[in-house]
Structure formats: structure tokens, C-alpha cells
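In what follows, a structure is listed as C-alpha cells, so that the remarks can point back to it.
There are 2 protein chains.
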Amino acid sequence: MTTERDFVADHRDDLLADLDAWLRIPGISAQPDRHDDVRRSAEWFADAARRTGFPTVEVWDDGPWLPAVFAEWRSADDDAPTVLVYGHHDVQPVDPLELWHTDPFDPTIDGDVLRARGASDDKGQLLFHLLGVRAHLAATGRTSPAVHLRYLIEGEEESGSPHFEQLLATHRERLGCDIVVVTDTGMVAADVPSTVTGMRGMVSATINLHGPDLDLHSGVFGGAVPNPATAVAELVAALHDADGRVQVPGFYDDVVELTDVERELFAKVPVDDAQFLQVAQSRALSGEAGFTTLERLGARPTAEVNGLGGGYQGAGTKTIIPSDAFAKVSFRLVADQDPAKIINAVEQFVAAHTPDGIATSVDWEGDGVRACLVPIDTPAYRALTDAISAAFDGAQVLPTREGGSGPEAGLQHAVGAPLVFLGVGLPDDQIHAPNEKVTLSMLFKGAEAAALLWSGLARVSARGLRG
Amino acid sequence: MTTERDFVADHRDDLLADLDAWLRIPGISAQPDRHDDVRRSAEWFADAARRTGFPTVEVWDDGPWLPAVFAEWRSADDDAPTVLVYGHHDVQPVDPLELWHTDPFDPTIDGDVLRARGASDDKGQLLFHLLGVRAHLAATGRTSPAVHLRYLIEGEEESGSPHFEQLLATHRERLGCDIVVVTDTGMVAADVPSTVTGMRGMVSATINLHGPDLDLHSGVFGGAVPNPATAVAELVAALHDADGRVQVPGFYDDVVELTDVERELFAKVPVDDAQFLQVAQSRALSGEAGFTTLERLGARPTAEVNGLGGGYQGAGTKTIIPSDAFAKVSFRLVADQDPAKIINAVEQFVAAHTPDGIATSVDWEGDGVRACLVPIDTPAYRALTDAISAAFDGAQVLPTREGGSGPEAGLQHAVGAPLVFLGVGLPDDQIHAPNEKVTLSMLFKGAEAAALLWSGLARVSARGLRG
Numbered sequence: 066m067t068t069e070r071d072f073v074a075d076h077r078d079d080l081l082a083d084l085d086a087w088l089r090i091p092g093i094s095a096q097p098d099r100h101d102d103v104r105r106s107a108e109w110f111a112d113a114a115r116r117t118g119f120p121t122v123e124v125w126d127d128g129p130w131l132p133a134v135f136a137e138w139r140s141a142d143d144d145a146p147t148v149l150v151y152g153h154h155d156v157q158p159v160d161p162l163e164l165w166h167t168d169p170f171d172p173t174i175d176g177d178v179l180r181a182r183g184a185s186d187d188k189g190q191l192l193f194h195l196l197g198v199r200a201h202l203a204a205t206g207r208t209s210p211a212v213h214l215r216y217l218i219e220g221e222e223e224s225g226s227p228h229f230e231q232l233l234a235t236h237r238e239r240l241g242c243d244i245v246v247v248t249d250t251g252m253v254a255a256d257v258p259s260t261v262t263g264m265r266g267m268v269s270a271t272i273n274l275h276g277p278d279l280d281l282h283s284g285v286f287g288g289a290v291p292n293p294a295t296a297v298a299e300l301v302a303a304l305h306d307a308d309g310r311v312q313v314p315g316f317y318d319d320v321v322e323l324t325d326v327e328r329e330l331f332a333k334v335p336v337d338d339a340q341f342l343q344v345a346q347s348r349a350l351s352g353e354a355g356f357t358t359l360e361r362l363g364a365r366p367t368a369e370v371n372g373l374g375g376g377y378q379g380a381g382t383k384t385i386i387p388s389d390a391f392a393k394v395s396f397r398l399v400a401d402q403d404p405a406k407i408i409n410a411v412e413q414f415v416a417a418h419t420p421d422g423i424a425t426s427v428d429w430e431g432d433g434v435r436a437c438l439v440p441i442d443t444p445a446y447r448a449l450t451d452a453i454s455a456a457f458d459g460a461q462v463l464p465t466r467e468g469g470s471g472p473e474a475g476l477q478h479a480v481g482a483p484l485v486f487l488g489v490g491l492p493d494d495q496i497h498a499p500n501e502k503v504t505l506s507m508l509f510k511g512a513e514a515a516a517l518l519w520s521g522l523a524r525v526s527a528r529g530l531r532g
Numbered sequence: 066m067t068t069e070r071d072f073v074a075d076h077r078d079d080l081l082a083d084l085d086a087w088l089r090i091p092g093i094s095a096q097p098d099r100h101d102d103v104r105r106s107a108e109w110f111a112d113a114a115r116r117t118g119f120p121t122v123e124v125w126d127d128g129p130w131l132p133a134v135f136a137e138w139r140s141a142d143d144d145a146p147t148v149l150v151y152g153h154h155d156v157q158p159v160d161p162l163e164l165w166h167t168d169p170f171d172p173t174i175d176g177d178v179l180r181a182r183g184a185s186d187d188k189g190q191l192l193f194h195l196l197g198v199r200a201h202l203a204a205t206g207r208t209s210p211a212v213h214l215r216y217l218i219e220g221e222e223e224s225g226s227p228h229f230e231q232l233l234a235t236h237r238e239r240l241g242c243d244i245v246v247v248t249d250t251g252m253v254a255a256d257v258p259s260t261v262t263g264m265r266g267m268v269s270a271t272i273n274l275h276g277p278d279l280d281l282h283s284g285v286f287g288g289a290v291p292n293p294a295t296a297v298a299e300l301v302a303a304l305h306d307a308d309g310r311v312q313v314p315g316f317y318d319d320v321v322e323l324t325d326v327e328r329e330l331f332a333k334v335p336v337d338d339a340q341f342l343q344v345a346q347s348r349a350l351s352g353e354a355g356f357t358t359l360e361r362l363g364a365r366p367t368a369e370v371n372g373l374g375g376g377y378q379g380a381g382t383k384t385i386i387p388s389d390a391f392a393k394v395s396f397r398l399v400a401d402q403d404p405a406k407i408i409n410a411v412e413q414f415v416a417a418h419t420p421d422g423i424a425t426s427v428d429w430e431g432d433g434v435r436a437c438l439v440p441i442d443t444p445a446y447r448a449l450t451d452a453i454s455a456a457f458d459g460a461q462v463l464p465t466r467e468g469g470s471g472p473e474a475g476l477q478h479a480v481g482a483p484l485v486f487l488g489v490g491l492p493d494d495q496i497h498a499p500n501e502k503v504t505l506s507m508l509f510k511g512a513e514a515a516a517l518l519w520s521g522l523a524r525v526s527a528r529g530l531r532g
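Line by line, the protein sequences are chains B and Y. Count along the first sequence from 1, then add 65; that gives the number in this note's numbering. Count along the second sequence from 1, then add 65; that gives the number in this note's numbering.
Set out below in C-alpha cells:
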């Protein structure tokens with residue numbers, strides 16, 4: 066018998082060889098001329114899962130989506146919980162190519178760092194799972210995992226998962242699970258193990274304001290007719306009070322507030338404001354009064370103006386009262402805000418802030434995306450953080466939150482099970498940018514944590530996991 | 066001896082023949098390929114002034130400006146006051162040509178209406194002056210006018226008078242006068258004689274706001290850094306209070322308030338709000354509380370947003386915090402607001418409304434234009450309105466104001482004399498638009514009023530005119 070850690074250490078070369086092979090396939094989902102490569106990438110991972118021992122491996126190509134991989138390995142213990150691992154095998158485009166120091170599809174190892182497109186996002190992380198399963202079996206002496214394992218490896222995540230909801234609906238009966246383990250995120254630092262405990266949702270819209278039916282001369286008409294550019298400014302200005310709180314009535318009604326424990330743990334995350342400002346290239350912080358930067362980014366909903374326009378856009382002056390103006394706004398949501406409810410509240414807010422003589426319309430971008438939240442007082446969360454902590458020599462695992470939005474909330478909604486996040490990317494992995502890299506020791510720790518996690522989750526009942 | 070009216074009636078054909086000849090010259094100052102025509106137009110008017118009897122007629126072509134005409138006819142009465150008549154001989158472009166029902170440079174008479182580019186703005190009005198001088202001489206039996214008459218007929222007014230200040234400085238000693246008679250405006254209606262008593266001035270600027278040095282992802286950074294699009298909206302929204310009053314400190318300090326008499330006379334001007342809304346194609350009125358539409362347009366200063374921009378401008382959504390945003394603003398001024406003082410006050414206002422982390426800069430469009438104001442309790446104003454009233458069979462002459470800005474304030478400033486406005490255009494003359502027209506009977510009334518005006522002004526001393 067070996068330990069999970071020893072097994073991983075003894076088989077590092079397997080992971081490196083797999084990485085080298087898979088990263089050579091340029092499966093860029095955003096580029097139609099790379100879609101054959103996306104298919105090859107799916108086939109490659111399907112083979113790798115078969116080699117790992119998964120009895121059921123399928124490439125799902127039965128819809129408008131790019132090929133996804135489904136793999137299943139049932140536990141011999143029939144009443145073991147079912148775990149669904151989510152990740153994606155497609156990668157980002159590589160432009161601008163001239164900024165890469167090495168060929169993005171010729172993986173290069175330099176000490177503990179491997180550089181290639183997809184190394185961190187998300188192929189490296191999926192490969193630690195394959196090594197993790199083997200370590201789990203070797204260390205426990207089992208011939209099947211301690212949990213029923215299902216993998217769902219999407220092929221369109223880097224294109225915004227346009228058909229993911231449809232894929233989930235089509236294969237609903239194959240995806241039942243008690244817990245989802247998302248493997249597409251990162252940690253605060255190599256020596257600060259952490260796990261994502263929330264992702265924000267979003268609704269976004271273009272608000273159009275129409276005033277006079279034509280641009281008017283501001284000398285002849287100025288001061289006597291409503292100006293839609295002024296009206297849009299007043300509408301946008303009304304979105305926040307002086308404390309940075311969003312003024313849409315009911316906006317905060319369903320917000321799950323941070324617990325004291327979460328705030329204490331957030332405060333331990335070693336990201337300081339100076340460092341944040343440097344990354345943001347901003348000269349000041351801003352936001353909702355009473356919250357730290359990390360809390361504002363992860364745990365608080367926002368209203369941001371993404372674009373503003375109306376009237377003359379050229380050089381110098383054109384003395385008109387514009388006929389039209391617009392604001393593009395997005396609202397980042399947190400659990401348990403309901404996108405439909407927020408859309409309704411914003412529409413009422415816009416109507417209430419529409420002056421006489423201005424017509425407003427709001428064009429929403431789809432139905433919006435829910436936020437997802439991982440409660441930190443559950444058996445699943447404890448199993449996750451115990452596994453990560455063990456892989457990091459007993460270090461405390463800190464909770465973090467993602468400010469952005471991904472397909473995870475839709476996945477959670479579709480399968481009706483809670484989420485946890487096991488990801489070992491690092492903030493400087495340059496995902497979506499030139500010179501993407503992954504830290505190999507993080508991948509090995511990920512493999513160890515995954516191996517331990519399956520044992521840990523098996524000690525919780527299916528019911529215990531679902532909460 | 067004849068009366069002014071009879072002389073004009075007997076010589077209508079002279080005016081029509083002159084109009085037909087001059088309007089055939091397409092002197093469009095905005096189009097460089099028409100600048101030869103602008104020169105021909107100047108030469109044509111110079112000849113016409115010579116034919117009328119002006120002893121001194123010069124085409125001023127000694128600077129970067131397009132040719133202007135100066136004509137002088139000194140009175141035999143040495144101590145008579147000096148009058149400077151201002152107008153312009155250049156015309157607007159004719160695009161879109163396909164919307165003209167007749168050739169814009171082939172004058173067409175239909176009953177009391179003559180259609181051609183420049184018929185009302187400003188050739189027709191200058192020609193009534195030539196006939197008016199002849200009527201003045203004939204009716205008074207004089208061989209020289211009762212006042213020293215100077216004409217300054219500009220050739221760049223339709224291009225924004227870019228060199229007018231320089232022309233005025235170059236010829237300062239030839240332009241001395243006790244009163245300026247501006248002939249480039251109109252009346253309320255054919256049966257409602259009126260005269261302009263003010264034109265608004267203007268300062269305008271682009272206000273630039275810079276936040277983070279690059280567009281940021283609104284998920285990753287949203288809610289924690291200042292957004293320049295939000296900041297520009299808050300700045301613009303702060304420009305007005307709920308009563309539509311401009312909130313720039315000191316903005317109203319130097320405003321000459323309407324007198325009770327002016328408000329009473331304004332109230333008699335037969336322009337109603339429904340008609341105004343129809344012309345503006347607006348669904349509501351707006352503006353400073355406590356003032357009528359005509360007062361808001363003519364006698365009150367404004368702050369208008371002419372353009373607003375920042376961030377994403379395309380279709381749908383792009384979830385960014387923009388790096389930059391801007392507002393293009395113009396402030397219409399009234400007497401005695403000082404453009405330099407207002408520029409300073411706005412800059413302080415912008416600085417006071419610049420949040421932490423946002424850098425603002427204000428790019429002003431030149432030094433601004435002063436407003437001009439004609440007091441209605443002066444001998445010059447009484448002489449003007451008496452002359453107009455007589456030409457309109459004793460009807461009361463109402464004061465109006467122009468909401469826009471022209472070269473008149475700069476002229477007043479340069480020559481250091483008060484202004485009055487004698488113009489007979491009508492609101493539906495379609496100046497600057499296809500199918501420009503002039504009402505011939507208005508031109509004949511203008512000629513009669515001008516003839517009477519020289520006698521009337523001669524009865525006031527030069528000192529009395531200067532006030």
C-alpha cells in the first residue's frame with residue numbers, strides 16, 4: 066500500500082506525458098476552423114479516461130454543441146454518493162501570437178512551470194483528476210472509487226457555453242448527482258490554499274432614451290425641451306447613493322449576507338488593496354461602504370455602467386440637443402438574488418426615473434445568470450477543505466469568491482445538487498492571455514486532494530452531501 | 066416730394082431685378098470651390114452700393130477672410146450720428162439638392178414669395194437697405210443721408226465668421242460708429258412686427274474623465290473601482306437641480322434679469338407652446354422653473370449636454386468598466402455673463418465633482434462668445450421701433466430674443482457701440498434648409514423702415530445713441 070501523495074509523486078511523469086500530448090491539440094472553440102481540433106481534444110480525453118480505467122466513456126456529439134466528454138465509474142458501494150466533476154477541454158484563442166515567448170501549442174517546461182495554451186485553463190486541472198483517481202484507488206486498495214464518479218467535460222466553455230443548458234437538458238438522466246465538484250478555478254497563492262465559495266450572477270441591458278424626434282439646435286431649443294443625454298445621466302447617477310449602495314428598490318432583498326465567520330476568513334486572504342489597485346491600474350478604490358475590496362468583489366451585488374452614449378461623438382463641439390441616448394448597464398448578482406426579480410425591479414426603477422417627454426425602453430441580454438454560493442458549514446465543504454488542507458500539509462484552506470459569472474450556476478440549477486470548487490490555478494497563470502502557464506506542483510497537490518476527496522465524500526451520506 | 070412708402074412702392078422692380086441678379090451668384094463660403102463666387106458676390110454688392118450712390122465702396126480682401134464689402138456715405142451734417150449696418154453676403158450650402166423644388170440659384174417668384182438660396186439670409190435683407198437709402202433721400206429731399214452711413218457686409222458668416230475678429234481689428238478705424246444696425250434676423254410673423262433684443266452667447270467644452278488605465282472586466286473588478294461612466298453621469302446630473310436651475314456656483318451672478326415690461330411684452334408674442342412642441346418634435350416642455358418657453362429660450366442661460374460617451378458602444382453587452390468617458394457640454398449665456406468667468410466656474414465645478422481615482426480634463430472650444438442685449442428703454446430702440454411700427458401701419462413692435470449665438474456680440478465688443486436689430490425674415494423662410502424663400506412684402510416694409518430709421522436716428526444725438 067502507498068499513500069495518495071506517494072502515488073502521485075511516483076507517477077508525475079504520467080501526468081507530464083499526458084499534458085504534453087493533450088496541450089498540442091489546439092481545441093479553440095471560438096474559432097470554427099479549429100472545431101476539428103476541439104473534436105480531437107474530446108477524443109483524446111475520452112481515451113485518457115479509458116486508460117485511467119473508467120468503464121463508461123462517451124463523447125457527446127448529439128446536439129448543436131461541440132463535443133463534450135462524459136465518463137462514469139460507479140463505486141462498488143451502491144449507496145455511495147454520486148459526484149459530478151465539471152470542467153472543460155476547449156481553450157481560448159492565442160492572439161496576439163507575437164506576445165508569446167514560446168509556441169502556445171508546444172508545451173515547454175521550465176522548472177516547476179509548464180507553458181502552453183490550456184495548461185491551467187483547464188486541461189492541466191482535468192489531468193490531475195485522472196491521476197487523482199488512480200492515486201485514490203492505489204492508496205485505498207480499491208478497484209473502484211469510493212464514490213460514484215461522473216465527469217462532464219464541456220467543449221464550449223471558452224465560447225460562453227452557448228448550448229450548455231441544452232446539453233444538460235438532453236442528458237439530464239445521466240447527470241444526476243449528490244454534489245458537483247467544479248474544477249476550473251484557482252487559489253490565492255501557491256502557499257495559500259483556498260477554494261471558491263461563490264460566483265456572481267448577472268443581468269445586463271441596454272437602456273434606450275428617446276427625446277425629440279430629431280437632433281435640435283441647442284441655441285434655438287436649448288433650455289426648453291427635455292434632453293435625453295441629461296436624462297440618461299440622471300438615471301445612471303440615481304443608481305447609487307453616496308455610500309455606493311444600489312438604489313433600485315428591493316435590490317438587496319434576497320441577498321445572502323456574509324456570516325461573521327466568512328468575514329473573518331475573507332480577512333485572512335492575503336490580497337492587499339495596493340496589489341489590487343496595481344492589477345486594476347486604478348488610482349483609487351470605490352464601492353459599497355462597509356465592505357472590504359474582497360467582499361465587494363465576491364459577496365456584494367453591483368450596478369456598473371458598461372457603456373454610455375448619445376449625441377455628438379466627434380472632435381470639438383456640435384451644439385445639439387440629441388434625439389437619443391443610451392446606457393449599457395450590468396448588475397452582478399449574488400445568492401439568492403433572482404435575475405427575473407431584479408430585471409423587473411430595474412424596469413420599474415427606469416420608469417420611475419423617466420422624465421416627461423422622454424421615452425425609455427430596456428433591452429435585456431437574455432434571462433440573466435444566477436449567482437452560486439457554497440455554504441461553508443456543510444459536510445461537503447468540510448470534506449473538500451480537509452482534502453485540500455491535507456495536500457497542503459495541514460494549512461488552513463480559505464474561502465474566496467469569484468466576481469465573474471460562469472456556467473456553474475446553470476449546472477447547479479440543472480442537476481439540483483450543491484457545488485464545491487477544487488481548482489489549483491494561480492492568479493498569475495495568464496489564462497486567456499499570452500504565455501499561459503501552470504505550476505506543476507499545484508497540479509500534483511490537486512491530484513492528491515482529489516484522491517483524498519473521494520474518500521472524504523464517501524464518509525458523508527448522499528443525503529448529507531445534498532444538505 | 067414723395068413718401069418713403071410711395072418711393073418704395075414705385076421702385077419695387079429695382080429691388081426685384083437686383084435680387085434676381087445677385088441670387089444667381091452661388092457664394093457658398095463653406096465650400097472652397099465656391100470661393101470665386103463669394104468674391105463675385107462681394108463685387109456685385111459693391112457695384113450695387115456704388116449705383117445707389119455710396120461715394121466710398123471697397124471690397125476688403127486684405128486678410129485671410131473671404132472678401133467683405135465696406136461702403137460709406139457721410140451725411141452733409143457733420144455732427145450727425147454714425148450708423149454701422151452689419152450683414153453678410155455669403156450663403157449656406159444647398160445640400161440636399163434633391164429636396165429643392167426649384168433651382169436654388171435660379172430665383173423664382175410665386176405671388177409674394179421669392180425662392181432661392183440667400184433670398185432671406187441675407188441678400189434680400191441687404192437689398193432692402195439699398196432701396197431704403199434711396200427712399201430716405203427721395204422722401205427727405207436730401208442728397209446725402211441724415212446719418213453717416215457705414216455698411217460692413219461680411220463674406221464668412223455662414224462658415225462661423227472665423228476671421229471676423231481679425232477683420233474688425235484690422236479695420237478698426239474705419240468702423241467707428243454710435244450704433245450698429247444688425248440686419249440678419251427676422252420677425253415673429255408677417256402681421257406681428259418685432260425686433261430681436263438679445264442673442265445668447267456660449268461656451269462649450271468636452272469634459273474627459275479617465276478611470277482605470279484599461280477597460281476592466283466588470284465581474285472581476287466590478288464594485289471595487291471607480292467607473293468613469295458613472296462619474297460622468299453623476300457630473301452631468303449635478304449640473305441641474307430639480308427646478309432646472311444650473312448648479313454651477315456663481316452661474317447666475319451676472320445675469321441681467323428680465324424687466325417686468327419685457328416680460329409683459331414677451332407674453333404678447335403670439336408663439337404658443339403647442340406650436341413650439343410641434344416644431345421641436347418633442348413630447349414635453351422642460352427647463353428652468355418660473356419662466357415661459359420664450360423666456361427660457363431667449364433670456365435664460367442654459368447647460369446642455371450635446372454628447373455623452375464612454376465604454377462599449379456596439380450591440381448587446383460587453384461587461385467592462387470603461388477606462389474613459391466624456392461629456393460634451395455647452396452653456397448658452399445671456400448678458401452680462403462673462404465667458405471667461407463661466408469657464409472658470411465650470412472648471413471648479415468639474416473639479417469639485419471629480420471622485421477619487423478619476424482624472425478629469427476640460428477642453429474648451431475657444432474663448433466663448435458673449436451674449437448681446439438690446440435695452441428697450443433707449444432712444445435708439447425707440448427710433449427703431451417707431452420706424453418699424455410706421456412701416457407696419459402703426460402696429461406695436463414686440464421685442465424677441467434669439468436663443469443662438471452669432472458674430473454680433475463680437476462686433477458690438479469691437480466697435481464699442483450698442484446694437485439694434487432690423488430684420489424682416491419670417492420663421493418659415495427655411496434659411497439653412499432646402500427651398501429658402503423670402504416674402505417680398507416684408508422686404509418692402511424693411512426698405513420703408515430703414516428709410517424712416519435714418520431720419521429717426523438723426524433726431525437723436527450721437528451721445529444719445531451710445532447711451
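We put the beta carbon where it would ideally sit given N, CA and C, even for glycine.
Pair within 8 angstroms by beta-carbon distance, residue i and residue j
i, j, result
"T121(B)", "A136(B)", "yes"
"T260(B)", "V525(B)", "no"
"G128(Y)", "V285(B)", "no"
"G287(B)", "T367(Y)", "yes"
"L362(Y)", "V334(Y)", "no"
"T205(B)", "S454(B)", "no"
"Q190(Y)", "H497(Y)", "no"
"K502(Y)", "V178(Y)", "yes"
"P483(B)", "R531(B)", "yes"
Closest Cα partner of residue i within the set the options
i, options, result
"A345(B)", "I453(Y), V290(Y), V394(Y)", "V290(Y)"
"L518(B)", "R361(B), A452(B), T167(B)", "A452(B)"
"A255(Y)", "G521(Y), G511(Y), A527(Y), R524(Y)", "G511(Y)"
"T465(Y)", "V245(Y), G176(Y), D155(Y), A332(Y)", "A332(Y)"
"E238(Y)", "R528(Y), A527(Y), A479(Y)", "A479(Y)"
"L487(B)", "E221(B), A455(B), T248(B)", "T248(B)"
"F391(B)", "L300(B), H100(B), H201(B)", "L300(B)"
"V321(Y)", "R182(Y), L530(Y), M264(Y), V253(Y)", "M264(Y)"
"H213(B)", "E222(B), H236(B), V150(B), G176(B)", "V150(B)"
"D243(Y)", "Q477(Y), A405(Y), F170(Y)", "Q477(Y)"
Bridge partners - residue i, DSSP secondary structure assignment
i, result
"H305(B)", "V311(B)"
"V427(B)", "I272(B)"
"M252(B)", "Note: M252(B) sits in no beta bridge, so no partner."
"L267(Y)", "Residue identity check: residue 267(Y) is Met in the sequence provided, not Leu. Its beta-bridge partners are R397(Y), V434(Y)."
"F135(Y)", "E123(Y), L217(Y)"
"E467(B)", "M264(B)"
"S259(Y)", "L463(Y)"
Contact set between residue i and chain Y, taken where Cβ atoms lie within less than 8 angstroms
i, result
"N371(B)", "S283, A294, G376, Y377, T382, K383, T384, I385, I386, P387"
"D278(B)", "Q346, S347"
Contacts that residue i makes with chain Y (C-beta to C-beta distance below 7 angstroms)
i, result
"K406(B)", "The contacting residues do not exist; K406(B) stays about 19 angstroms from chain Y at best."
Cβ pair count under 8 angstroms reaching 3, the region 378-389 of chain B against the region 359-377 of chain Y: yes
Stretch pair the region 89-98 of chain B + the region 71-78 of chain B: three plus CB contacts closer than 8 angstroms: no
Cβ contact check for the region 298-317 of chain Y and the region 299-318 of chain B: 3 or more pairs under 8 angstroms: yes
Inter-stretch contact (C-beta, 8 angstroms, three-pair minimum) for the region 416-429 of chain Y and the region 414-433 of chain B: no
Cβ pair count under 8 angstroms reaching 3, the region 223-241 of chain B against the region 262-281 of chain B: no
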